[in-house]
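Worksheet for the structure shown next.
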Amino acid sequence: MTTNVLEIVGVQAKYGAREVLADVQLMIPRGEWFCLLGPNGVGKSTLLHCITGRIAPTAGEILICGESILQRPMQAKRKLGAACATEQLPGLLTGRQCLEVYAQAKELADIDADVLELADALRFMPYLDQFVDTYSLGTRQKLCVLLALLGNPDLIVLDEAFNGLDPASAMVLKQHLQLRLAQARCAVLLATHSLDIVERHADKAALLIDGHIANQWNEAQMAALRQQGADAFEAALAAASA
50 MTTNVLEIVG
60 VQAKYGAREV
70 LADVQLMIPR
80 GEWFCLLGPN
90 GVGKSTLLHC
100 ITGRIAPTAG
110 EILICGESIL
120 QRPMQAKRKL
130 GAACATEQLP
140 GLLTGRQCLE
150 VYAQAKELAD
160 IDADVLELAD
170 ALRFMPYLDQ
180 FVDTYSLGTR
190 QKLCVLLALL
200 GNPDLIVLDE
210 AFNGLDPASA
220 MVLKQHLQLR
230 LAQARCAVLL
240 ATHSLDIVER
250 HADKAALLID
260 GHIANQWNEA
270 QMAALRQQGA
280 DAFEAALAAA
290 SA
């Protein structure tokens, strides 16, 4: 069994003739919080869509716990929990119905107890039986994350998952993810613009520029940047982006 929950090898992607991703290489082991950084429009969302199987890359391979998302998509997706965009939630269902549909799709008998505990900690329970189209952005964001965590996935993929969350809810979610990582239940891949999250929580990080991984920071480099102070990572990011 591979220790890497996610392996991305030589991935390329195009929209028509326009190349969006070029020879992307990433390895994320179990227990690791990995942050993907980059300006808007450089391919971050496309890469996440390739990982989750929404877009097929034009070249390369993506393995989730050793299962190819291209060759064995059903087996790979059983290992995956990905938060959808808030606007993709079905407005005419309640939060509970969304959770039940996702649970059935993942062949679960019930909604996970720890997901319901997280919902309670996020103060989501009063909205559980309300229709999604009545939710605020923050409440929709909470539901997206709860859906992604169903079924104890080995790989959790989040795209700006903390946008719209109040500070208390953001802290609850960070602590929950850190607990899953400490228990070696999963790896987390978070695409984000928030340097605060990267500086405080990421084990490793990578900068995507124009479809290429322009730079990566390993655990030792992240630790060294934290010791240098609050602006050190911002300076390193600016230098790598130049």
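Quick note on this note's numbering: the sequence shown kicks off at 50 and runs consecutively. Yeah, the Cβ is synthetic: ideal placement off N, Cα and C, and Gly gets one too.
Residue i and residue j closer than 8 Å at C-beta
i	j	result
residue 86	residue 188	no
residue 161	residue 129	no
residue 109	residue 59	yes
residue 70	residue 122	no
residue 91	residue 259	yes
residue 79	residue 233	yes
residue 252	residue 56	no
residue 159	residue 152	yes
Between the CA atoms of residue j and residue i - distance to the nearest angstrom
i	j	result
residue 178	residue 170	17 Å
residue 257	residue 274	19 Å
residue 155	residue 141	21 Å
residue 289	residue 261	12 Å
residue 272	residue 146	43 Å
residue 219	residue 278	23 Å
residue 125	residue 52	15 Å
residue 250	residue 112	24 Å
residue 64	residue 88	19 Å
residue 135	residue 215	16 Å
residue 176	residue 144	7 Å
residue 230	residue 270	20 Å
residue 217	residue 224	11 Å
Nearest candidate by alpha-carbon position, reference residue i, set the options
i	options	result
residue 95	62, 124, 114	62
residue 201	165, 208, 213, 217	165
residue 236	76, 291, 104, 65	76
residue 276	248, 264, 263, 286	248
residue 282	112, 167, 244	244
residue 213	222, 190, 225	190
residue 209	268, 131, 224	131
residue 133	72, 206, 113, 159	206
residue 222	266, 167, 175, 268	167
residue 264	99, 291, 280	291
Nearest-angstrom beta carbon gap, residue j and residue i [assumed within contact, 8 Å]
i	j	result
residue 192	residue 138	6 Å
residue 284	residue 84	Actually they do not touch by this definition, with Cβ atoms about 17 Å apart.
residue 195	residue 211	Residue 195 to residue 211, Cβ: 14 Å. No contact.
residue 204	residue 238	7 Å
Legend entry - Given 8 Å, three or more beta-carbon pairs between the region 102–118 and the region 174–191: Between the region 102–118 and the region 174–191, the count of Cβ pairs shorter than 8 Å is below three; the stretches do not touch.
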